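Only one structure is covered here, and it is reproduced in the block below.
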Ligand code: ADP
Ligand code: MG
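Numbering (the numbering used here), first residue to last: 343 to 595.
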């Protein structure tokens, strides 16, 4: 399949102490659309995702070799400014961590840091991104109340809105619905589907049904190795590797 590459991973190895979590991963990740990373627990999904924004660096005892090129630039080059790379990316983790401030201030936080002071404009931005994350209708009458009063599912949607408000190019999401109620999970999935024409959205999940609902492109990892990757319909309907077939059938997990 021909596509424009957004992130290019070249011979990536990641070790935690003596244990190798990723083994010589080489893959081109398409620009735009939803890329889903699947595989059983402990296979290296989170490690791979954390390599894309160098969050992996903040783990003790970690050693990385190889390259990750984002828009053609090797982000592991010591000269690269990590903050500039991270500005291109929004991150959603398994559990939402809203900032200890109001709903409004959470979304306005990034734009304010980037110099936006105009109240009217900030109001517009806050509404826009809360709509994008499917939260607006539920919070429009209590924007000034603390984010901590929201349910976990609402907090996750707030974190998505906060991330989008800094206008990233890439959304990284690590099992973003695993702690959520069904309604919030649906909202998060719908947001990803709505946004996928504009962002490269990389979602880690171990829920095969979710992967099928979301994926344009699939990366299947097993025990730190890249087993197979390709367009979703190929991987789900006609995988080349026996290991992928077994995983799809639930034989290995
Ligand atoms: P997944 O997200 O697919 O469940 P991870 O990337 O979290 O997998 O982990 C891959 C492997 O690396 C696992 O064997 C895990 O135990 C190990 N690992 C992950 N984080 C650490 C860490 N901070 N220290 C040591 N080992 C780790
Ligand atoms: Mg994980």
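Cβ atoms here follow ideal geometry from the backbone N, Cα and C, with glycine treated the same way. Note that the structure is predicted; figures quoted are calculated from it, not measured.
What residue range is occupied by the uninterrupted alpha helix (DSSP H) comprising residue i?
| i | result |
| --- | --- |
| residue 635 | The structure shown has nothing for residue 635, since the chain only spans 343 to 595. |
| residue 515 | Note, residue 515: premise wrong, no alpha helix (DSSP H); beta strand (DSSP E) at 512 to 516. |
| residue 480 | 478 to 481 |
| residue 521 | That residue, residue 521, is in no alpha helix (DSSP H); it is neither H nor E in DSSP. |
| residue 539 | Neither: residue 539 is in no alpha helix (DSSP H) and is coded neither H nor E. |
| residue 344 | That residue, residue 344, is in no alpha helix (DSSP H); it is neither H nor E in DSSP. |
| residue 575 | 574 to 579 |
May I ask whether a heavy atom of the ligand ADP can be found less than 6 Å away from the beta carbon of residue i?
| i | result |
| --- | --- |
| residue 388 | yes |
| residue 401 | yes |
| residue 363 | yes |
| residue 408 | no |
| residue 457 | no |
| residue 495 | no |
| residue 358 | yes |
| residue 435 | no |
| residue 520 | no |
| residue 383 | yes |
Helix, strand or coil for residue i per DSSP?
| i | result |
| --- | --- |
| residue 529 | helix |
| residue 566 | coil |
| residue 469 | helix |
| residue 586 | helix |
| residue 375 | strand |
| residue 595 | coil |
| residue 488 | strand |
Along the beta strand (DSSP E) that carries residue i, what are the first and last residues, could you check?
| i | result |
| --- | --- |
| residue 546 | 542 to 546 |
| residue 555 | That residue, residue 555, is in no beta strand (DSSP E); its alpha helix (DSSP H) goes 550 to 556. |
| residue 433 | 431 to 434 |
| residue 357 | 347 to 358 |
Flag residue i as yes if its beta-carbon sits less than 7 Å from any beta-carbon of chain C, otherwise no.
| i | result |
| --- | --- |
| residue 545 | Among the chains of the structure shown, chain C does not appear; only one protein chain is present. |
Using DSSP's beta-bridge definition, name the partner residues of residue i.
| i | result |
| --- | --- |
| residue 361 | 358 |
| residue 370 | 350 |
Inset, instruction - Counting only runs of 4+ residues fully inside the stretch 384 to 455, write out the alpha helix (DSSP H) ranges in chain order. - result: Restricting attention to alpha helix (DSSP H) runs no shorter than 4 residues, the stretch 384 to 455 encloses them at 387 to 394, 424 to 429, 445 to 455, ordered along the chain.
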